[in-house]
Amino acid sequence: MTSGPAAPRAAGVLHVVATPIGNLGDLSPRAQEVLRGVAAICAEDTRRSGQLLSHFGISTPLVALHEHNEEAIAQRVVARLLEGESLALVSDAGTPLVSDPGYRLVRAARASGVRVSPVPGACAAIAALSVAGLASDRFAFEGFLPAKAAARRERLRQLASEPRTLVFYESSHRIVEALQDFVAAFGASRAAVLARELTKLFETVLDGGLAELLDAVQGDDNQRKGEFVLVVEGAGDDADATLAEGRRVYALLSAQMPPSAAARLAAEITGAPRKALYGN
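With the UniProt record's numbering, letter number 94 in the sequence shown gets 94, and the count goes up by one each step, no holes.
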């Protein structure tokens with residue numbers, strides 16, 4: 001009796017696994033179980049992820065997947081998934097794809113019919129928002145601002161009238177310059193929260209107006225160290241939104257004409273008070 005052709009092997013699962021942003025106790029039991037059980041783990045930095053896995057006694061092989069090789073590696077990973085292997089994706093810290101590589105792999109896996117399953121956990125943006133005390137029913141995650149000053153200021157001018165709470169990531173070597181640009185674009189009194197080194201030993205969460213946060217960071221060397229999440233209140237009421245839009249338009253016009261003329265024209269266009277624009 002002859003047998004028919006072998007049934008096709010079922011595809012594996014790509015598990016997208018959140019890892020701690022500081023405190024190792026935040027790696028859930030489920031995440032540990034998944035990381036032990038998969039055939040391999042795709043990691044942004046295999047050395048850093050290797051240290052995390054070693055702490056938990058996990059010896060699963062690692063595959064380097066980062067922004068420079070993701071396009072090429074994704075197809076190889078998908079091929080393994082289609083062969084029936086289950087794999088995991090992690091980033092250096094927190095939830096993969098949130099300001100980290102991985103979306104190309106997830107997109108390729110889904111396009112090939114592979115199941116992609118989240119294993120939720122730590123995320124610095126959500127952690128900061130949860131303790132900020134600012135409106136969280138609607139918010140926009142902006143990630144890292146451009147490194148170059150001109151591009152960063154332009155991005156902030158575009159966001160100044162955004163009514164939703166805004167969440168940003170920033171590095172220690174740019175935090176002072178970034179806060180200076182926030183004050184210029186959003187105004188000194190716009191409410192904000194600066195969360196530093198979340199879940200780590202020297203965690204701090206500061207709140208106040210943007211100018212107050214700038215003063216606090218400039219006045220304390222320790223507040224310029226570590227990893228930062230900045231949560232900024234939205235433009236708020238119509239008056240705030242009008243002023244923010246006026247400042248954005250004024251900044252654009254003042255690059256092409258004298259400041260007084262730019263303020264006058266920006267006030268006419270947006271309805272913002274001219275005196276609040278000129279010299280701001």
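The beta-carbon is built from N, C-alpha and C at its ideal position, and this holds for glycine as well.
Candidates the options: closest to residue i by CA position
| i | options | result |
| --- | --- | --- |
| Ala185 | Asp100, Ala149 and Val205 | Ala149 |
| Ile126 | Arg107, Asp100 and Phe168 | Phe168 |
| Leu210 | Ala188, Val176 and Met257 | Ala188 |
| Ser172 | Asp221, Arg107 and Gly94 | Asp221 |
| Ala147 | Arg174, Asn69, Ser59 and Val17 | Arg174 |
| Leu94 | Glu162, Ala160, Glu44 and Pro258 | Per the sequence shown, the amino acid found at residue 94 is Gly instead of Leu. When only C-alpha atoms are compared, the closest one is Glu44. |
| Ala235 | Cys42, Phe228, Glu212 and Arg248 | Arg248 |
| Val98 | Leu265, Ala122 and His15 | Ala122 |
| Val102 | Gly246, Gly22 and His68 | Note that residue 102 corresponds to Gly in the displayed sequence, not to Val. Gly102 has its Cα closest to that of His68, out of Gly246, Gly22 and His68. |
| Arg157 | Leu14, Ala272 and Tyr250 | Tyr250 |
| Ala108 | Leu14, Pro259, Met257 and Glu162 | Leu14 |
| residue 282 | Leu53, Arg115 and Arg48 | The question about residue 282 has no answer here: the residues shown for the chain are numbered 1 through 280. |
| Thr165 | Ala135, Ala178 and Phe144 | Ala135 |
| Gly22 | Asp137, Val78, Arg48 and Arg152 | Arg48 |
| Phe144 | Val17, Ala272 and Asp100 | Asp100 |
| Gly113 | Val17, Pro273, Gly226 and Ala79 | Ala79 |
| Asp92 | Val77, Gly84, Val16 and Arg152 | Val16 |
| Ala255 | Glu154, Thr46 and Ala40 | Glu154 |
| Val106 | Val77, Ala128 and Leu129 | Val77 |
| Gly84 | Ala10, Gly271 and Asp207 | Ala10 |
With 16 other Cβ atoms within 10 Å as the buried cut-off, status of residue i
| i | result |
| --- | --- |
| Gln223 | buried |
| Asp181 | buried |
| Gly12 | buried |
| Glu170 | buried |
| Ile269 | exposed |
| Gly133 | exposed |
| Pro20 | buried |
| Glu71 | exposed |
| Glu245 | buried |
| Ser59 | exposed |
| Met1 | In this prediction, Met1 has a pLDDT of 49, which is less than 50 and means its spatial position is unreliable; what the coordinates show is noted afterwards. Flag for Met1 reads exposed. |
| Leu159 | buried |
| Arg30 | exposed |
| Ala151 | exposed |
Within 7 Å, strictly: CB atoms of residue i and residue j
| i | j | result |
| --- | --- | --- |
| Phe56 | Gln32 | yes |
| Leu24 | Ala124 | no |
| Leu243 | Ala276 | yes |
| Ala261 | Glu233 | no |
| Val176 | Val205 | no |
| Val38 | Ser86 | yes |
| Ile73 | Leu62 | no |
| Ala193 | Val231 | Rather than Ala, the amino acid found at residue 193 in this sequence is Val. Yes; because the gap between Cβ atoms is below 7 Å, this pair is in contact. |
| Ala241 | Ser161 | yes |
| Leu35 | Ala88 | yes |
Distance, residue j Cα to residue i Cα
| i | j | result |
| --- | --- | --- |
| Val119 | Val90 | 10 Å |
| Asp215 | Arg104 | 40 Å |
| Pro96 | Val131 | 22 Å |
| Ala111 | Cys42 | 18 Å |
| Glu212 | Ala195 | 14 Å |
| Pro163 | Glu142 | 14 Å |
| Leu265 | Leu179 | 27 Å |
| Leu27 | Val229 | 21 Å |
| Ala18 | Phe139 | 21 Å |
| Ser54 | Leu201 | 21 Å |
| Asp207 | Leu129 | 12 Å |
| Gly226 | Gly219 | 16 Å |
| Glu203 | Asp137 | 25 Å |
| Ala267 | Met257 | 14 Å |
| Arg274 | Thr46 | 55 Å |
| Ala40 | Gly50 | 12 Å |
| residue 293 | Ala272 | The requested residue 293 does not occur in the structure, where the chain is confined to residues 1 to 280. |
Paired residues, beta bridge with residue i - DSSP
| i | result |
| --- | --- |
| Val17 | Val119 |
| Tyr169 | Phe144 and Val229 |
| Ala40 | Leu87 |
| Arg196 | Thr204 and Phe228 |
| Leu62 | Ile41 |
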